[in-house]
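Residues are numbered in the working numbering as their position in the sequence shown, beginning at 1, plus a constant of 9.
Following: one structure in structure tokens, then a few remarks.
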Amino acid sequence: MTTQPSWLVIGQGALGSLMAVHLAKIGQRVTVKLRSAHPEPLTIMHDNQPWSFPCSATLTQPSTIFAAVKAYHVRPLLDELQQAPAFAASTLILSYNGMLEDEASLLRPSDCHWVTTHGAYHDGLEVIHGGHGESWLGGCDQPPAAFETLAQALPPLHWHAEIHQRRWQKLAVNCLINPFTVLHQCRNGEVLERLDHAVWHAVATEIAALAATQGLQLQADELLANAQRVMQQTAQNRSSMLQDFRLGRRLEIDYLNGFVAQASATAGLDAPANDWVWRRVNALSQDRDLQ
């Protein structure tokens with residue numbers, strides 16, 4: 010009988026840490042994958058309680074892999090996993106903000122997307138569940154064996170085989186919240202009172218127009234209402250982009266509003282609002298790096 014954990018959590022961000030803790034709470038064996046060898050267990054604080062996890066730098070046996078990573082880490086992560094023989098028999102559940110232009114060619118038919126409106130952030134060593142939402146799993150032919158475990162660990166979880174539209178809705182939420190928390194240096198719940206509503210509405214309108222070229226029917230007003238609902242649910246949350254900005258890390262703006270601006274241009278559409286947000290956030294990031 011193997012003593013190796015059945016779950017490999019990749020990503021030390023807030024959502025990855027939150028999932029690792031919640032899986033451990035229901036008795037699952039969890040290892041956290043780090044970028045380099047780490048002989049000591051990793052401790053994650055949650056609700057003032059320490060949770061200790063063994064660490065690994067590689068995939069050594071077939072596992073259920075939960076990877077909550079940055080969009081710019083997806084390709085190198087997949088390249089790395091594909092070098093491990095155990096990956097062929099592993100289940101991959103992938104979560105990242107934004108869209109990749111070539112993701113269809115990167116993922117296996119059995120790989121799943123996890124889309125969530127749960128909010129989490131780090132406060133020192135503590136991971137804070139800043140907003141309770143819901144999640145969807147899909148993108149593969151049928152629910153993986155791990156579905157019920159995930160549903161128990163962090164409910165509610167819904168199966169959504171055609172998750173493409175749900176991912177576009179999440180893209181819109183991220184485009185309508187995350188960059189504006191950076192532009193105004195505020196928590197999610199403060200965005201509405203600080204932003205230019207004309208720009209905000211234009212961002213949603215451009216996303217809906219681009220989605221239509223993919224055969225998806227999204228309404229700008231519904232996207233705005235959904236973003237506002239998420240803001241309320243995660244009012245005290247600092248968006249992942251704001252956290253990255255303050256920590257001097259690379260931002261995901263190229264895969265959010267930048268993706269919308271570039272994909273719109275490819276489709277022959279204008280997206281000046283998303284282009285402005287993309288360029289403005291990148292300018293702030295460059296100014297930060299020069300300080």
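A virtual CB, placed ideally from N, CA and C, is assigned to each residue, including glycine.
Keep in mind the model is a prediction, meaning the values are calculated, not measured.
C-beta contact flag for residue i and residue j at 8 angstroms
| i | j | result |
| --- | --- | --- |
| Ser-72 | Ser-104 | no |
| Val-78 | Gly-128 | no |
| Met-250 | Val-191 | yes |
| Ala-80 | Gly-36 | no |
| Leu-225 | Gln-174 | yes |
| Leu-146 | Leu-159 | yes |
| Arg-247 | Tyr-130 | yes |
| Leu-115 | Val-136 | no |
Residue from the options with nearest C-alpha to residue i
| i | options | result |
| --- | --- | --- |
| Gln-295 | Arg-247, Arg-196, Arg-259, Leu-87 | Arg-259 |
| Leu-166 | Ile-186, Thr-126, Cys-184, Val-191 | Thr-126 |
| Asp-298 | Arg-255, Ala-274, Leu-265, Pro-281 | Arg-255 |
| His-55 | Gln-37, Gln-228, Gly-224, Ser-26 | Ser-26 |
| Leu-43 | Gly-147, Pro-164, Phe-75 | Phe-75 |
| Glu-49 | Arg-38, Asn-57, Ser-61 | Ser-61 |
| Asn-57 | His-206, Asp-111, Asp-132 | Asp-132 |
| Trp-123 | Leu-90, Gln-92, Ala-155 | Ala-155 |
| His-210 | Val-136, Gln-245, Asn-235, Glu-171 | Asn-235 |
| Asp-253 | Gln-161, Glu-157, Asn-187, His-169 | Asn-187 |
| Ala-33 | Gln-161, Ala-292, His-169, His-193 | Gln-161 |
| Gln-223 | Arg-38, Ser-273, Gly-257, Ser-144 | Ser-273 |
Other residues of its chain near residue i: CB distance less than 6 angstroms, five sequence neighbours each side excluded
| i | result |
| --- | --- |
| Gln-13 | Reliability fails at Gln-13, whose pLDDT of 42 lies under 50, so the model's placement of it is uncertain and the value that follows must be treated cautiously. Only Gln-70 meet the Cβ criterion. |
| Thr-40 | Pro-14, Leu-17, Pro-63, Ser-65 |
| His-47 | Cys-64 |
| Leu-232 | Ala-181, Ala-213 |
| Trp-177 | Ala-220, Leu-225 |
Straight-line gap, residue i to residue j (C-alpha atoms, nearest Å)
| i | j | result |
| --- | --- | --- |
| Ala-280 | Arg-203 | 22 angstroms |
| Thr-11 | Leu-101 | Only weak support exists for where Thr-11 lies, its pLDDT of 42 falling under 50; the value from the coordinates is given anyway. Each residue's Cα considered, the two are about 20 angstroms apart. |
| Leu-134 | Thr-275 | 43 angstroms |
| Cys-195 | Leu-201 | 10 angstroms |
| Gln-228 | Ala-217 | 6 angstroms |
| Phe-189 | Leu-180 | 14 angstroms |
| Pro-152 | Gln-92 | 25 angstroms |
| Pro-118 | Trp-285 | 36 angstroms |
| Ala-29 | Gly-277 | 43 angstroms |
| Glu-199 | Asp-230 | 20 angstroms |
| Glu-89 | Gly-22 | 19 angstroms |
| Arg-238 | Asn-197 | 11 angstroms |
| Glu-157 | His-169 | 14 angstroms |
| Ser-342 | Gln-300 | Since the first residue shown for the chain is 10 and the last is 300, residue 342 is missing from the structure and cannot be characterised. |
| Glu-257 | Asp-150 | Residue identity check: residue 257 is Gly in the sequence provided, not Glu. Cα to Cα, Gly-257 sits roughly 39 angstroms from Asp-150. |
| Tyr-264 | Asp-111 | 12 angstroms |
| Glu-171 | Met-240 | 25 angstroms |
| Gln-245 | Ala-113 | 35 angstroms |
| His-193 | Ala-97 | 44 angstroms |
| Arg-38 | His-31 | 11 angstroms |
| Leu-24 | Asp-205 | 29 angstroms |
| Ser-45 | His-138 | 27 angstroms |
Contacts around residue i, its chain only, beta-carbon distance under 7 angstroms, and the 5 residues preceding and following it disregarded
| i | result |
| --- | --- |
| Val-269 | Cys-184, Glu-215, Ile-216, Leu-219, Ala-280, Asn-283 |
| Trp-287 | Ile-262, Asn-266, Gly-267, Ala-270 |
| Pro-59 | Thr-52 |
| Asn-291 | Ile-262 |
Beta-carbon separation (whole angstroms), residue i vs residue j, contact threshold 8 angstroms
| i | j | result |
| --- | --- | --- |
| Cys-121 | Gly-148 | 5 angstroms |
| Leu-68 | Ala-95 | 5 angstroms |
Cut-off 8 angstroms between Cβ atoms - residues of its own chain near residue i, not counting five sequence neighbours on either side
| i | result |
| --- | --- |
| Gln-242 | Thr-126, Gly-128, Gly-140, His-141, Gly-142 |
| Leu-86 | Ile-19, Ala-76, Val-78 |
| Ala-207 | none |
| Leu-293 | Val-191, Leu-192, Phe-254 |
Residue i Cβ short of 7 angstroms to the ligand ADP heavy atom set
| i | result |
| --- | --- |
| Ile-186 | For the ligand ADP, the structure offers nothing, since it holds no ligand at all. |
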